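Heads up: the protein sequence lines correspond to chains X and S, in order.
For the first sequence, position 214 matches number 214 in the numbering used here, and the numbering has no gaps at all.
Basically the numbering used here = 1-based index in the second sequence + 1000.
What follows is one structure encoded as structure tokens, with my remarks underneath.
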Amino acid sequence: MNIRHSTYHRALEITENICIGCSHCIKVCPTEALRVSGGKAGIHADWCIDCGECYRVCPTRAIRVMDDDFNHIFDYQHRILLVPSVFFAQFSDSVPRDTIYKIIGELGFTEVCAVEQSVDTLIDEINEYVKNEDGPVISSFCPAVIRLIQVRFPSLVDNIMKLLPPIEITAQYYKKRFEREGVSDKDYGIFYLTPCIGKIAAVKSPVGGYKSPINGVINMDYFYNKVYLAYKKKLPITRDIIINSELSAKGVLFPTTGGESSHVEGRTLAIDGMKNVIDFLEMLENEEIKNFDFLEIRACDESCAGGILSHRNRFLTADSLRNYAAQKPDTHNLVNDYKNYCSAVVHMDKIEPRSMVKYDRDIEIAIKKMENARELKQLFPGIDCGACGAPSCEALAEDVVRGQADINACIFLRTIFEKRGEITLKEAIRIMEEIWGKERFDKQD
Amino acid sequence: MHFEYKVEGGDFTQAGYASSQIKKTLKQLGADPAVIKRVVVALYEAEVNIVAHAYRGTIFADITPSGIKLRLEDEGPGIPDIEMAMTKGFSTASPQVREMGFGAGMGLPNISENADSLTIDTEVGKGTTLTIIINFNKV
């Protein structure tokens, strides 16, 4: 199997010496892309959608986010940090936003801007787009949802809105601004502070024939610690920072559930949380859902407030965002600028499906293998215990017919084979150690 | 590869189970998404027809490298006038069924539109058997 320790887009990596092979991750993966072998988790890279559900449950932090080295920012003379509104909501309301800006400057950035500055312009574009489409338009905002659709719901790729998400439009705005000012692209670096892993993948390998102008992605969890530590230690402020704080209430709330759909004309719906998303997409694919114009679909519960790299309780984060929005105006001063410079660049190409080859590309072979897998599944106990290193009996049956696992990996069958004298106790132990690692059983002696 | 699913008349909450299962299977086999969509739509409509009109039924699905054959046998009232039943918008569904969002008279026409071949065998007072064939596209 193409099992690796990093993902398709290299947004996640399993650090082998930290992974304890606890199998928590294999159970939560929405595409069943994880397995445990040799006592360590591995990722079926082609199936991973970079949603980060595994990162969320990993008890040892063995799953590492492949963000960029922070010091990389100093390669540029102008260093712009695009900050999502969720970042400010990580702090309690008693931490002044002005101080946070100053600390961001002290840490090395020369200018800071809200990611959601482009939202007002984007909403106009969305409404125009939705008007001209037949089927329900699925928002392109959540990168994990786009990748989930590519892998698990390929027939819905054409429903994904072919407009760039706010982060890319804001980045394009900056690129255009520097071009206008005659600044060489070697002299400015645009950095994105990300509340999720999917967006790292989205920046590094975007969909829809697009190349991002973003030079680096910074992990919000990491950066929060850096900023909060500076705040607690009262780090002296010696550097200036340009604060581009133009942002509307719409912008602040855009990453929260309903923050997008509530501004789209027609019949809309907002869905959040991976399980809800999958259930809904199944129905949409079956054409059981009709008459909707626009669907805001987001992988995380409470949308970006519940983002993988958002450390604070998702409900408190969402509450802070609502308070923040209440202090912001309905529109901001750069809206016209955005219209002028960005409406030409907000479109992207068609998104291609990424088929998940389960058995074989040849349908004749695929049918044979699937028949075998169905028979095998009948043989397994149906407990989905995960003691074989696969997330379910069905997944193990599939692995066996693909030649990537052995039927003896099932602890129940193994015990029966042992009783029948078909395998020795020594052999059974060897299989157990092969899956779960030799060392972990040493302590039992 | 052969599959069988039981369908109970009046059990709207379970309607769609067979089409979801078949969809999952076809996806795993790597069938063309456009073909899968046609199968799912046709099968779902046919499944709902049994739930809405018949007492009970069985769905038999056979998947081969060339395509899928679906046979839906039901015990039910049968179709007195097939031509009428094939007319878009014609419906004999009860008001209760319509209230649930079904019975718009698009069932059989929709199945026919999505199928490469549709055969209807029906006997009034006994039941109906639909045979739907959808071919896989050659890649």
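Note that beta-carbon positions come from the ideal geometry of N, C-alpha and C, so glycine has one too.
These numbers come from a predicted model, not from an experiment.
From the DSSP output, in three-state form, read off residue i for me.
| i | result |
| --- | --- |
| residue 264 (chain X) | coil |
| residue 1 (chain X) | The predicted model places residue 1 (chain X) with a pLDDT of 45, which falls under 50 and marks its position as unreliable; any figure quoted below should be read in that light. Residue state, collapsed to three classes: coil. |
| residue 1127 (chain S) | strand |
| residue 127 (chain X) | helix |
| residue 39 (chain X) | coil |
| residue 270 (chain X) | strand |
| residue 113 (chain X) | strand |
| residue 359 (chain X) | coil |
| residue 198 (chain X) | helix |
| residue 409 (chain X) | helix |
| residue 1073 (chain S) | strand |
| residue 1117 (chain S) | strand |
| residue 157 (chain X) | helix |
On the CB-based measure, 16 or more other CB atoms within 10 Å of its CB, does residue i come out buried or exposed?
| i | result |
| --- | --- |
| residue 18 (chain X) | exposed |
| residue 11 (chain X) | buried |
| residue 356 (chain X) | buried |
| residue 1034 (chain S) | exposed |
| residue 344 (chain X) | exposed |
| residue 1124 (chain S) | exposed |
| residue 1073 (chain S) | buried |
| residue 120 (chain X) | buried |
| residue 1084 (chain S) | exposed |
| residue 414 (chain X) | buried |
| residue 206 (chain X) | buried |
| residue 392 (chain X) | buried |
| residue 315 (chain X) | exposed |
| residue 425 (chain X) | exposed |
| residue 1095 (chain S) | exposed |
| residue 429 (chain X) | exposed |
| residue 210 (chain X) | exposed |
| residue 265 (chain X) | exposed |
| residue 67 (chain X) | buried |
| residue 1114 (chain S) | buried |
| residue 1002 (chain S) | exposed |
Verify the CB distance criterion: does residue i have a CB-CB separation below 8 Å to chain S?
| i | result |
| --- | --- |
| residue 33 (chain X) | no |
| residue 370 (chain X) | yes |
| residue 286 (chain X) | yes |
| residue 375 (chain X) | no |
| residue 363 (chain X) | yes |
| residue 282 (chain X) | yes |
Counting contacts by CB-CB distance shorter than 8 Å, is residue i in contact with chain X?
| i | result |
| --- | --- |
| residue 1044 (chain S) | yes |
| residue 1097 (chain S) | no |
| residue 1036 (chain S) | yes |
| residue 1041 (chain S) | yes |
| residue 1109 (chain S) | no |
| residue 1121 (chain S) | no |
| residue 1080 (chain S) | no |
| residue 1136 (chain S) | yes |
| residue 1086 (chain S) | no |
Please confirm if residue i has its CB atom under 8 Å from at least one CB of chain B.
| i | result |
| --- | --- |
| residue 367 (chain X) | Of the protein chains in the structure, X and S, none is chain B. |
Assess, as a yes-or-no matter, whether the segment 48-59 of chain X is touched by the segment 144-153 of chain X under the definition of 3 or more beta carbon pairs within less than 8 Å.
Segments in contact, yes.
Any contact between the segment 347-354 of chain X and the segment 1014-1031 of chain S? By contact I mean 3 or more CB pairs, one from each, below 8 Å.
no
Three or more C-beta pairs below 8 Å linking the segment 66-82 of chain X and the segment 187-205 of chain X:
yes
Select from the segment 1007-1030 of chain S all residues with a C-beta closer than 8 Å to any C-beta belonging to chain X, and list them in chain order.
1016, 1019, 1020, 1023, 1025, 1027, 1028, 1029 and 1030
Proximal residues, the segment 345-361 of chain X versus chain S, C-beta separation under 9 Å
353, 355, 356, 357, 358, 359, 360 and 361
Within 9 Å of chain S by C-beta, residues of the segment 150-169 of chain X in sequence order:
152, 153, 154, 155, 156 and 157
Residues of the segment 104-118 of chain X with a CB closer than 7 Å to any CB of chain S: list them in chain order, please.
none
Counting Cβ pairs, one atom from each stretch, are 3 or more of them under 8 Å apart for the segment 158-176 of chain X and the segment 55-63 of chain X?
The segment 158-176 of chain X vs the segment 55-63 of chain X: no contact.
Decide if the segment 280-291 of chain X is in contact with the segment 239-257 of chain X; the criterion is three or more beta carbon pairs, one per stretch, under 8 Å apart.
no
Determine which residues of the segment 1059-1076 of chain S have a Cβ less than 8 Å from any Cβ of chain X, and write them out in chain order.
1063, 1064 and 1065
Would you check if there are 3 or more beta carbon pairs closer than 8 Å linking the segment 238-246 of chain X to the segment 208-227 of chain X?
no
Contact between the segment 287-297 of chain X and the segment 1029-1044 of chain S is defined here as three or more beta-carbon pairs at a separation below 8 Å; is this criterion met?
yes
Anything in the segment 411-434 of chain X with a Cβ closer than 9 Å to a Cβ of chain S? List those residues in chain order, please.
Answer in chain order: no residues at all.
Are the segment 31-44 of chain X and the segment 66-79 of chain X touching, with three or more C-beta to C-beta distances below 8 Å?
No, the segment 31-44 of chain X is not in contact with the segment 66-79 of chain X.
Is it true that the segment 367-384 of chain X meets the segment 401-408 of chain X, where meeting means three or more beta-carbon pairs spaced less than 8 Å apart?
yes
Within the chosen definition, does the segment 227-238 of chain X reach the segment 93-107 of chain X through at least 3 CB pairs nearer than 8 Å?
Touching, yes.
Determine contact between the segment 153-172 of chain X and the segment 264-277 of chain X, defined as no fewer than three beta-carbon pairs at a distance below 8 Å.
No, they do not touch.
The segment 131-140 of chain X / the segment 325-342 of chain X touching (three or more Cβ pairs under 8 Å):
no
I want to know whether the segment 106-113 of chain X touches the segment 325-332 of chain X - three or more CB-CB distances under 8 Å.
No: the two stretches stay apart, fewer than three of their Cβ pairs being nearer than 8 Å.
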